[in-house]
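Visitor: Below you'll find the structure I mean.
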Amino acid sequence: MMKLKSNQTRTYDGDGYKKRAACLCFRSETEEEVLLVSSSRHPDKWIVPGGGMEPEEEPNVAAAREVCEEAGVKGTLGRLVGVFENRERKHRTYVYVLVVTDVLEDWEDSLNIGRKREWFKIDDAIQVLQCHKPVQATYFQALQDSCLTSNGTPLVATIGGDLSPTYNINQSSVSGIR
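Sequential numbering of the sequence shown, starting at -5, is according to our numbering.
Take a look at the structure:
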């Protein structure tokens, strides 16, 4: 069943890109297992939970809201992994780390569209994402790279047609987030 949100207003940045937010939801602070959810369009495929930002909504707030709706989890929102630009789909997605502290038995998307969730080892998550959502698989490379930045400035990844990310340190991506 496809997810329909008739009351949702899509928001766009100054360049015409849809503003999105997502979280890499980890079982613990060791960041060894990540929670993926079934796609609403392709229920046999797995994706990183996330979605569109609402008007006037901060990226970190949108990320936490989306994972509660799509994955039925709450937790401690951590660092910004990066802002991922998908030129093909004209999306810019703010991706955060979230350490899960609460797993809801029933949640919005499980009740409304039968969405499933499952824990994956990082390498397994990358493998299943590369088939269906290769851009999302690049989040994990940026996660490793973000651990290597000493000043905490988030990376901005531009995903081109060949799906190879180009990372830039971009100070403007931190405004209004901290």
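Every residue gets a Cβ at the ideal spot worked out from N, C-alpha and C, and that includes glycine. Note that the structure is a prediction, hence the values are computed from the model and not measured.
I'd like the list of long-range same chain contacts for K127, defined as Cβ closer than 6 Å, with 5 residues on each side in sequence excluded.
Guide: I41
Visitor: Count the other CB atoms within 10 Å of the CB of K115; is the residue buried (16 or more) or exposed (fewer)?
Guide: exposed
Visitor: According to DSSP, simplified to helix, strand and coil, what is D38?
Guide: coil
Visitor: In the DSSP assignment, what are the bridge partners of C173?
Guide: Residue 173 lies beyond the range of the chain shown here (-5 to 172); nothing can be said about it.
Visitor: Report the three-state DSSP secondary structure of L74 (helix, strand or coil).
Guide: strand
Visitor: Would you give the residue range spanned by the alpha helix (DSSP H) that R111 belongs to?
Guide: Unbroken run through R111 is the beta strand (DSSP E), 111 to 115; no alpha helix (DSSP H).
Visitor: Where does R81 fall in DSSP's three states?
Guide: Residue state, collapsed to three classes: coil.
Visitor: Do E48 and T5 come within 8 Å of each other at the CB atom, strictly closer than that value?
Guide: yes
Visitor: Please report the distance separating the alpha-carbon of W113 from that of S22.
Guide: Computed Cα separation, rounded: 11 Å.
Visitor: Rounded to whole angstroms, what is the Cα-Cα separation between G69 and C125?
Guide: 28 Å
Visitor: Does the distance from the CB of C72 to the CB of V97 come in under 8 Å?
Guide: One point to set straight first is that residue 72 is Gly, not Cys, in the sequence displayed. Contact: no.
Visitor: Looking at G44: is its Cβ nearer than 8 Å to the Cβ of R83?
Guide: no
Visitor: What's the call for G10, buried or exposed, on a 16-neighbour Cβ count within 10 Å?
Guide: Its Cβ having fewer than 16 others within 10 Å, G10 is exposed.
Visitor: Using DSSP with H/G/I as helix, E/B as strand and the rest coil, what is T132?
Guide: helix
Visitor: Taking the alpha carbon of K110 as the point to measure from, which residue in V28, D38, E25, T24 has its own alpha carbon closest?
Guide: D38
Visitor: For I60, collect the residues of the same chain with a Cβ closer than 7 Å to its Cβ; drop the 5 residues on either side in sequence, then sort them by chain order.
Guide: The question names Ile, but residue 60 in the sequence shown is Glu. Shown here for E60: same chain residues with a beta carbon closer than 7 Å to its own, the five before and five after excluded, namely A15, A16, P43, G44, G45 in chain order.
Visitor: Going by Cα to Cα distance, which pick from D100, V122, D117 is closest to E25?
Guide: D117
Visitor: With 16 other CB atoms within 10 Å as the buried threshold, where does N106 fall?
Guide: Burial call: exposed.
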